[in-house]
Ligand SMILES: Nc1nc2c(ncn2[C@@H]2O[C@H](COP(=O)(O)OP(=O)(O)OP(=O)(O)O)[C@@H](O)[C@H]2O)c(=O)[nH]1
Ligand SMILES: [Mg+2]
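In this note's numbering, the protein residues as written are 1424 to 1671.
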């Protein structure tokens, strides 16, 4: 299922997207290490400051610095450059712990509902996922259940044309549950593999909008067993530690 080329280009794009972070955070670390011959207490203090300024959070920063100090005590770090590698490994381990691949079963319609606050990248992520699944040989269908924001339907329509997958839509202002209801039946009759639902951006404090989301999810479950099979919350990676306040 994995397409090596698309995987490569995905990582290339991810690298480009994160270049500003690299230039800021990583450049600061490189500058800190540059010219240093020994691992001193000052170096740990500087690193701590860089991590806090990059909004890595006190818990992460404390754990990492303690680990580095312990390694230094055991003479496991040859030079200041080794601190950077340790930081890298520490971050990769944390990400690996929460890694959860999205596995689409071989049979039946698989539904993915995409949620998040306004402007976090839901629709763009849907376009990327649709392209990925379709390149992997699956038949994908998109659902414009953001009937609230002006031009949201047109935006998803552009993605559907770009990645060449069908779109189920109604007029702006339509009930999202009705759009999803139609979409499930359309996808079943066309024997689609994946149905991806775009929803309107909303804050979790907006009770009416949260109720609307629950209703949409309920209707999906009623029309298709287990639906939505996956619910993806799209978060903006530049938000920093505040992201932890966002209810999943
Ligand atoms: N740098 C960067 N920009 C992104 C990414 N994903 C989306 N964007 C941009 O963020 C803006 C909002 O993206 P959308 O996909 O429309 O976000 P949304 O969550 O669907 O927005 P609403 O439907 O208004 O709630 C657009 O300008 C996108 O091009 C990303 O991964 N990196
Ligand atoms: Mg959107």
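C-beta: ideal position from N, C-alpha, C; glycine also.
Quick caveat, the model's predicted, so the values are computed rather than measured.
Query                                                                                                                                                                                                : Result
Look at the Cβ atom of residue 1590, then the Cβ atom of residue 1580, and state whether they are nearer than 8 Å.                                                                                   : yes
Name the residue from 1638, 1569, 1620 and 1456 whose alpha carbon lies nearest to the alpha carbon of residue 1534.                                                                                 : 1620
Classify residue 1569: buried if its beta carbon has 16 or more other beta carbons within 10 angstroms, exposed otherwise.                                                                           : buried
Among the candidates 1529, 1587 and 1567, whose CA atom is the shortest distance from the CA of residue 1555?                                                                                        : 1587
Does ligand 1 have even one heavy atom less than 7 Å from the beta-carbon of residue 1572?                                                                                                           : yes
Just to check my reading of the structure: residue 1563 and residue 1616 have Cβ atoms closer than 8 Å, yes? What is that Cβ distance to the nearest angstrom?                                       : 7 Å
Which whole-angstrom value describes the C-beta separation of residue 1593 and residue 1478, a residue pair presumed to lie in contact below a C-beta threshold of 8 Å?                              : Not confirmed; about 41 Å, so no contact.
What runs of the alpha helix (DSSP H), each 4 residues or longer, lie entirely inside the segment 1451-1515?                                                                                         : 1464-1476 and 1481-1496
Give the secondary structure of residue 1601 by DSSP, where H, G and I count as helix, E and B as strand, and everything else as coil.                                                               : helix
In whole angstroms, give me the CA-to-CA distance for residue 1585 and residue 1634.                                                                                                                 : 32 Å
By a C-beta neighbour count over all protein chains shown, 10 Å radius and 16 as the cutoff for buried, is residue 1487 buried or exposed?                                                           : buried
Identify the continuous alpha helix (DSSP H) that holds residue 1636 and give its terminal residues.                                                                                                 : 1630-1646
Determine the contact status of residue 1503 and residue 1475, defining contact as a CB-CB distance below 8 Å.                                                                                       : no
If you draw a straight line from the alpha carbon of residue 1641 to that of residue 1595, how long is it in whole angstroms?                                                                        : 21 Å
For residue 1511 and residue 1609, I'd like the C-alpha separation in whole angstroms.                                                                                                               : 46 Å
Quick check on residue 1620: does DSSP put it in helix, strand or coil?                                                                                                                              : strand
Only counting the same chain, and skipping five residues up and downstream in sequence, which positions put a Cβ closer than 8 Å to that of residue 1651?                                            : 1534, 1535, 1536, 1620, 1640, 1643 and 1644
If I follow the unbroken beta strand (DSSP E) through residue 1653, where does it start and stop?                                                                                                    : 1653-1656
When burial is assigned at 16 or more other CB atoms within 10 Å of the CB, is residue 1530 buried or exposed?                                                                                       : exposed
Mapping DSSP to helix, strand and coil, what is residue 1552?                                                                                                                                        : helix
For ligand 2, any of its heavy atoms closer than 7 Å to the Cβ of residue 1578?                                                                                                                      : yes
Determine the direct distance from the alpha carbon of residue 1524 to that of residue 1613, and round the result to whole angstroms.                                                                : 26 Å
Starting from the C-beta of residue 1638, find all residues in its chain whose C-beta is less than 7 Å away, skip the five residues before and the five after it, and write them out in chain order. : 1600
List the whole-angstrom C-beta distance separating residue 1552 from residue 1527, where the pair is believed to meet the contact cut-off of C-beta under 8 Å.                                       : Going by Cβ atoms, the distance from residue 1552 to residue 1527 rounds to 10 Å, so no, they are not a contact pair.
Under the rule that 16 or more other beta-carbon atoms within 10 Å means buried, what is residue 1450, buried or exposed?                                                                            : exposed
Would you list the residues sitting across from residue 1586 in a DSSP beta bridge?                                                                                                                  : For residue 1586, which the question treats as bridged, DSSP gives no partner whatsoever.
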